[in-house]
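**Student:** Numbering (our numbering), first residue to last: 1365 to 2067. Just passing along the structure, written as structure tokens.
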Ligand code: NOJ
Ligand code: CA
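Structure follows, in structure tokens:
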């Protein structure tokens, strides 16, 4: 009784019930409550199947030069609810049809002392909550500068987190799995490699953040539709287990300049007691606007090879010459520079890749290091290195275009910006036009090194606006974009489906820079891929990097079968076969899977999933009756039983199973695989083995 009384008292003190609102998800399993504290601070709380997922958490903003800010003193002046249910077709995707079904609550808040208004809009789906702040047009809030967004996510306990350290400039980290209370102690050790670590708190992490509670509830925190705003990190108060939004600052330290009317990105909380539902969720896409590209017929999934791994491994170079500074951008006698003899992007080498692409059914060839500037850039971060137009003397733009065209291959452009954002913007129109003139309709861009002008960060409002500008400008030229080192995606590919790829996480390149954790690929789909596809560049068949580049002793921590599975588990409409042709020619039977695997899907079934341990997914190739299955495994050897009940009843299929041998191991025996063919139907069950760092891939072709 005493307990009940104090509970009631706390409830009365805490919640001003007249201003409390409740919203249920369409299936009634999620409940969102909104309420004002007695001082007029807005709060929200989230329940899943009658259990608390997010405890009462505050909402609001600190504003620059504005002591009142937008923190408290609010009253509710209006509430509106709505229901939405619609099915839409993505231009490319994991499924042909996406259902967007939510209940909405929009709360209009009045700050009486300042006569300012904000709206908090909640959308509650069956798989989670999205909410954002809206600043309607009004007299007393027009131009304003954010000092800090104060959105809280109050955890219900010391959950397990799959995290990478907060950083304004890189996301290319291995994940750490730990309790929330352990982040502080592990933070320093988690900051590795070429991480930049600009002034970050030691309990700050990046989104998308995956969490698991002791009761087995899976929670994912991220954001959707990040436009004109700094990317959000989450800073943990590890005494109270409360995360708070921590925006990436602009160069001058502020956290964003806004002008009403405007909105923030959506803050997203996915929740399920089944990890597979987190992977299958389309909430992030659903919180983005429909496509703004009226005729998307020029946007096509791309399977490609490229002059790339040979540079990443150190075998060949991006630069044509080691002369510096005798050669300068734009100097017409560049031809007199002394060749270093290791340049990768030579016409002859590119033609070899074009031949390989053509004879194996690929769509495109990427070539890096084709243009003047690399010799100037390394070690000399400056603002005018690349013009994206001037080829090295041994790269024949026109000849390569004609050769590729004659073989039915599309060339993929490379724009390394060297982080010089303004330089890229100054050259962008000419660079895109140059692409069109020479038969390129996709670009891989990159932002290596500190952002220039100096002092800005990769994920600031200013930089976010640049990446968006590049994507929209590319759409005008009918160019597809795959940006590396840009901000982590937030579902914008729904609105601009020409954004066919991003890196924004630790990709395969790190396997040549010391290696990644063998279970990395069992976490990425739960984190980085929540916002959109990744250009992970899988398909390495030779794990001993020194075989390619004798001084590089890095090891690719994956079995060959695991590399095949990635084409299915790492969903992307853009997939690279990253190894060199010579290595594919050594293993033609395994390479067959990469040749066969589809890029675009009408259906996807997540069969098994546990972050850090394993993911198994089956996908149906769009416009066919064929399925492709991929399994990636963490470090514990594992058997899984796959039921083929997703196949058409009564039909039979030929399955080709590419699996780890019993003695396979990512470190000691990565190339041990078996291939067998079996006839399967919807009643079949197969027992399959995955080695440490291993997995399997299966093509299932209808007879
Ligand atoms: C880093 C990118 O991730 C990699 O793919 C590229 O080759 C280099 N930058 C050079 O631009
Ligand atoms: Ca990178």
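Ideal Cβ positions, reconstructed from N, Cα and C, are used throughout, including at glycine.
At a threshold of 6 Å, does residue 1884 count as lining ligand 2 (C-beta to nearest heavy atom)?
**Tutor:** False, no ligand heavy atom lies under 6 Å from that Cβ.
**Student:** DSSP beta-bridge partners for residue 1596?
**Tutor:** Answer is 1611.
**Student:** Taking the straight line between their C-alpha atoms, what separation do you get for residue 2020 and residue 1462?
**Tutor:** Roughly 30 Å separates the two Cα atoms.
**Student:** For residue 1668 versus residue 1870, is the C-beta distance shorter than 7 Å?
**Tutor:** Taking 7 Å as the Cβ cut-off, residue 1668 and residue 1870 do not qualify as a contacting pair.
**Student:** Taking Cβ to Cβ, would you say residue 1421 is nearer than 7 Å to residue 1516?
**Tutor:** Yes.
**Student:** Determine the DSSP secondary structure at residue 1700, reduced to helix, strand or coil.
**Tutor:** The answer is helix: DSSP assigns residue 1700 an H, G or I state.
**Student:** Just to confirm my understanding: we take residue 1428, look at its own chain, exclude 5 residues before and 5 after, and list those with CB closer than 8 Å. What are they?
**Tutor:** Result list for residue 1428: 1508, 1509, 1510, 1511 and 1618, in chain order.
**Student:** For residue 1630, is the classification buried or exposed, using 16 other Cβ atoms within 10 angstroms of its Cβ as the cut-off for buried?
**Tutor:** The residue is buried, with at least 16 neighbouring Cβ atoms inside 10 Å.
**Student:** Distance, Cα to Cα, residue 1969 vs residue 2063?
**Tutor:** Their Cα atoms are separated by approximately 15 Å.
**Student:** Which value, in whole angstroms, describes the spacing of the CA atoms of residue 1437 and residue 1497?
**Tutor:** So the two alpha carbons sit approximately 16 Å from each other.
**Student:** Can you find at least 3 beta carbon pairs, one from the segment 1725-1735 and one from the segment 1768-1784, that sit closer than 8 Å?
**Tutor:** Judged by Cβ distances under 8 Å, the segment 1725-1735 makes contact with the segment 1768-1784, as three or more pairs qualify.
**Student:** Name the DSSP bridge partner or partners of residue 1465?
**Tutor:** DSSP lists 1449 as partners of residue 1465.
**Student:** Which same chain residues, not among the five before or five after residue 1414, have their C-beta less than 6 Å away from its C-beta?
**Tutor:** Excluding residues within five positions, none has a Cβ falling inside 6 Å.
**Student:** For the alpha helix (DSSP H) that contains residue 1830, what are its first and last residues?
**Tutor:** Taken as a continuous stretch (DSSP letters only), the alpha helix (DSSP H) holding residue 1830 covers 1825-1840.
**Student:** Comparing C-alpha positions only, which one of 1894, 2044 and 1460 sits nearest to residue 1985?
**Tutor:** Ranking 1894, 2044 and 1460 by Cα distance to residue 1985 puts 1460 first.
**Student:** What is the residue span of the alpha helix (DSSP H) that residue 1928 lies within?
**Tutor:** Element bounds for residue 1928: 1924-1933.
**Student:** Let me confirm a value: residue 1848 is counted as buried when at least 16 other C-beta atoms fall within 10 Å, else exposed. Which label applies?
**Tutor:** With 16 or more Cβ atoms within 10 Å of its Cβ, residue 1848 is classed as buried.
**Student:** Verify the contact flag: residue 1810, CB atom, against every heavy atom of ligand 1, threshold strictly below 6 Å.
**Tutor:** Yes, the Cβ of residue 1810 comes within 6 Å of a heavy atom of ligand 1.
**Student:** In the DSSP assignment, the alpha helix (DSSP H) including residue 1639 goes from what residue to what residue?
**Tutor:** Residue 1639 -> alpha helix (DSSP H) spans 1639-1644.
**Student:** So, helix, strand or coil for residue 1974, using DSSP?
**Tutor:** Reduced to three states, the DSSP call for residue 1974 is strand.
**Student:** Under 6 Å: does the beta carbon of residue 1848 sit that close to some heavy atom of ligand 1?
**Tutor:** For ligand 1, at least one heavy atom lies less than 6 Å from the Cβ of residue 1848.
**Student:** To the nearest angstrom, how far is it from the Cα of residue 2067 to the Cα of residue 1666?
**Tutor:** For residue 2067 and residue 1666, the distance between alpha carbons rounds to 26 Å.
**Student:** By Cβ distance below 6 Å, which residues in the same chain neighbour residue 1643 in space, the five residues on each side in sequence not counted?
**Tutor:** Closer than 6 Å at Cβ, skipping near neighbours: 1889, 1970 and 1973.
**Student:** Whether or not the segment 1919-1937 and the segment 2021-2033 are in contact is what I'm after, with contact meaning three or more pairs of Cβ atoms, one per stretch, closer than 8 Å; do they touch?
**Tutor:** In short, these stretches touch, since the Cβ pair count reaches three.
**Student:** Around the C-beta of residue 2053, are 16 or more other C-beta atoms found within 10 angstroms, so that it is buried, or is it exposed?
**Tutor:** Answer is buried; the Cβ neighbour count reaches 16.
**Student:** By the 10 Å Cβ neighbour count, where 16 or more other Cβ atoms means buried, how is residue 1613 classified, buried or exposed?
**Tutor:** Buried, because 16 or more other Cβ atoms sit within 10 Å of the Cβ of residue 1613.
**Student:** Is it a yes or a no for the segment 2038-2051 touching the segment 2003-2010, going by three-plus beta-carbon pairs under 8 Å?
**Tutor:** They touch, by the three-pair rule.
**Student:** At 3 residues or longer, and completely inside the segment 1737-1804: list those beta strand (DSSP E) runs for me, N to C.
**Tutor:** Taking only runs of at least 3 residues, the beta strand (DSSP E) segments lying wholly in the segment 1737-1804 are 1774-1780.
**Student:** List the whole-angstrom C-beta distance separating residue 1998 from residue 1886, where the pair is believed to meet the contact cut-off of C-beta under 8 Å.
**Tutor:** About 5 Å separates the two Cβ atoms, so the contact holds.
**Student:** Evaluate residue 1366 with the Cβ neighbour count: other Cβ atoms within 10 Å of its Cβ, from every protein chain shown; 16 or more gives buried, anything less gives exposed.
**Tutor:** The predicted position of residue 1366 is uncertain, since its pLDDT is 38 and thus under 50; a value taken from the coordinates is nonetheless stated next. Exposed, by the Cβ-count rule.
**Student:** Less than 7 Å between the C-beta atoms of residue 1708 and residue 1739, yes or no?
**Tutor:** No, the Cβ-Cβ distance between residue 1708 and residue 1739 is not below 7 Å.
**Student:** With H, G and I counted as helix, E and B as strand and the rest as coil, what does DSSP make of residue 1858?
**Tutor:** Helix.
**Student:** I'd like to confirm something about residue 1867: is its beta-carbon nearer than 6 Å to some heavy atom of ligand 2, or not?
**Tutor:** It does: the Cβ of residue 1867 is within 6 Å (strictly closer) of some heavy atom of ligand 2.
**Student:** Spatial neighbours of residue 1602 within its chain, please: CB distance less than 7 Å, with the 5 preceding and 5 following residues excluded, ordered by chain position.
**Tutor:** Excluding positions up to five away in sequence, the list reads 1544, 1545, 1547, 1548 and 1567.
**Student:** May I ask you to list the residues that DSSP assigns as paired with residue 1524?
**Tutor:** According to DSSP, which records beta bridges pairwise, residue 1524 is partnered with 1543 and 1576.
**Student:** Consult DSSP for residue 1549 and reduce its assignment to one of helix, strand or coil.
**Tutor:** Residue 1549: helix per DSSP, three-state reduction.
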